[in-house]
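In our numbering, the protein residues as written are 13 to 281.
For each residue, glycine too, the CB sits at the ideal point set by N, CA and C.
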């Protein structure tokens with residue numbers, strides 16, 4: 013039986029508890045038999061994989077590889093994943109470059125040694141990096157089974173720093189953020205953007221989101237937002253705004269206003 017994270021509270025109190033106990037809880041989760049079996053098998057077999065075809069043929073190896081990028085829902089889409097990997101990222105017309113969801117680009121980039129007809133050796137530390145990423149994301153999923161908002165908050169703490177390291181300009185970082193479904197949802201929720209926001213042209217979305225972030229946090233620079241202090245402010249605001257969204261459907265306008273008034277001191281500005 014897999015270890016289940018302990019989450020006694022929701023909201024900011026629950027987040028503080030999870031942050032304080034995360035290292036211990038995550039270590040226990042990683043040591044649980046199901047996760048340990050997945051990782052041990054992957055480490056043993058990954059070095060033998062010499063093509064995208066071989067990768068998608070081994071369901072257990074593929075599960076860890078996809079899970080490392082948050083793409084576990086594509087486990088049965090083997091032909092599609094093979095096409096993503098074999099196409100690589102060098103050509104502008106490659107499928108991984110054309111998809112809005114940049115997780116596929118990250119997958120193809122990491123498995124570049126499997127692209128094309130000639131097999132190459134994988135980077136020596138790749139199996140360990142993918143295993144660690146799989147474990148981290150699997151822990152987030154387990155947290156999400158109890159509280160989806162906490163799962164997204166954990167992903168924010170990981171995704172935003174990684175994104176800012178992967179792209180050299182703020183413009184590229186913003187478009188990558190908009191192409192990352194979990195991160196996009198977090199930003200839209202934190203900034204109070206309406207559901208119709210996604211219908212706008214992508215350039216208009218980026219411009220409006222930058223403006224909203226600048227007003228709320230004093231900066232629209234994602235590199236600055238990935239720093240520890242600003243990242244925690246963004247995380248806390250996401251948690252508060254998620255609570256507001258959750259209760260609005262069952263509350264009157266006056267009740268919502270009262271909730272906001274009572275929690276105004278906790279809402280990061």
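Annotated three-state conformation of residue 156 is helix, per DSSP. When DSSP states are grouped into helix, strand and coil, residue 190 belongs to the helix group. In this structure, residue 73 lies near residue 54, with their beta-carbon atoms less than 7 Å apart.
The C-alpha of residue 37 lies about 39 Å from the C-alpha of residue 99.
Measuring C-alpha to C-alpha distances from residue 129 to each of 115, 139 and 97 identifies 97 as the nearest. For the stretch 181 to 240, the full-length alpha helix (DSSP H) segments reaching 4 residues or more read 182 to 190, 193 to 202, 214 to 229 and 234 to 237 along the chain. Put simply, the stretch 140 to 158 does not touch the stretch 231 to 238. Fewer than three CB pairs are less than 8 Å apart. Here residue 18 is exposed: its Cβ has fewer than 16 other Cβ atoms, across all protein chains shown, within 10 Å.
Under the criterion of beta carbons closer than 8 Å, residue 47 and residue 147 qualify as touching, at roughly 6 Å. Only buried fits residue 149, as 16 or more other CB atoms lie within 10 angstroms of its CB.
Nearest to residue 75 by C-alpha distance, out of 131, 58 and 62, is 58. Judged by DSSP in its simplified three-state form, residue 62 adopts coil rather than helix or strand. Under the three-state reduction of DSSP output, residue 109 falls in the helix class. Taken in chain order, the complete beta strand (DSSP E) segments of 3 or more residues contained in the stretch 19 to 53 number zero; there are none. Around the beta-carbon of residue 154, 16 or more other beta-carbon atoms lie within 10 Å, marking it buried. By the Cβ-count criterion, residue 203 is buried, with 16 or more other Cβ atoms from all chains shown falling within 10 Å of its own Cβ. Residue 117 places its beta carbon 7 Å or farther from that of residue 198.
In the structure shown, residue 16 adopts coil according to DSSP, grouped into three states. In the structure shown, residue 151 adopts helical secondary structure according to DSSP, grouped into three states. Assignment of residue 101 by DSSP, reduced to helix, strand and coil, places it in the coil class. The three-state reading of DSSP puts residue 164 in helix, counting H, G and I together. Contact annotation: the stretch 118 to 126 does not touch the stretch 22 to 40, with fewer than three C-beta pairs closer than 8 Å. Sequence-distant Cβ neighbours of residue 152 in its own chain, meaning closer than 7 Å and more than five residues away, are 163, 166 and 167.
A Cβ-Cβ separation of about 7 Å places residue 243 in contact with residue 169 under the 8 Å criterion. The DSSP-derived three-state label of residue 132 is coil. The alpha-carbon of residue 192 is positioned some 21 Å away from that of residue 94.
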